[in-house]
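Notes follow the structure.
Numbering (this note's numbering), first residue to last: 839 to 1041.
This is how it looks when you write it as structure tokens:
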């Protein structure tokens, strides 16, 4: 038998709960999950082991929740962050699975946001893919993107930034202008075949 002898709020998200006269510093989500209130009696002794085992889970759950609440994060970023904080692989996987199941994170949606952002800012597939990798979006999700679906937008934005760059190039030699434009567009992540087509159009 387990008795909740006492329950006191320590600060915003933390409680001191006394179970069978032993104090535990726990996250409020653990209190809510187990419906712990002062004076409650739990007949199943094994629940105490479950509660104790869940203390670090809910501690890291709260840390992860704070991490994702301000801006989008990928599952990989959350895993990396929690690992640095000292969470076990089991806890990390459990938290990430919960977040995915409850739509708190969505790697495909996150990747689409990245694609839209970098497309409109004049970046091509190679830069977008590298940015997605930096955000630790799973490789299978990145590789599933077909940039042929964005061919019109890519050509439009590639041409726009090429024309802007052309105005800034001081060389008068056409070959040098071509080389500088190609290098610039390559650095922006565009494919070579598209670069050649755009450069031919504007020169």
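Beta carbons: idealized from backbone N, C-alpha and C, even for Gly.
Source: prediction; values computed, not measured.
Nearest candidate by alpha-carbon position, reference residue i, set the options
{"i": "residue 954", "options": "969, 901, 942", "result": "969"}
{"i": "residue 1041", "options": "1019, 1023, 1029", "result": "1019"}
{"i": "residue 1001", "options": "984, 989, 980, 1038", "result": "1038"}
{"i": "residue 930", "options": "920, 938, 939", "result": "920"}
{"i": "residue 988", "options": "1013, 950, 1014", "result": "950"}
{"i": "residue 971", "options": "994, 914, 922, 908", "result": "914"}
Bridge partner(s) assigned by DSSP for residue i
{"i": "residue 857", "result": "842, 860"}
{"i": "residue 879", "result": "841"}
{"i": "residue 865", "result": "852"}
{"i": "residue 1012", "result": "Per DSSP, none; premise fails for residue 1012."}
CB of residue i within 9 Å of CB of residue j, strictly
{"i": "residue 911", "j": "residue 948", "result": "yes"}
{"i": "residue 854", "j": "residue 864", "result": "yes"}
{"i": "residue 872", "j": "residue 889", "result": "yes"}
{"i": "residue 874", "j": "residue 845", "result": "yes"}
{"i": "residue 856", "j": "residue 894", "result": "no"}
{"i": "residue 957", "j": "residue 967", "result": "no"}
{"i": "residue 982", "j": "residue 1035", "result": "no"}
Status (buried if at least 16 other CB within 10 Å, exposed otherwise) for residue i
{"i": "residue 1023", "result": "buried"}
{"i": "residue 1021", "result": "exposed"}
{"i": "residue 960", "result": "buried"}
Between the CA atoms of residue j and residue i - distance to the nearest angstrom
{"i": "residue 917", "j": "residue 876", "result": "35 Å"}
{"i": "residue 849", "j": "residue 998", "result": "54 Å"}
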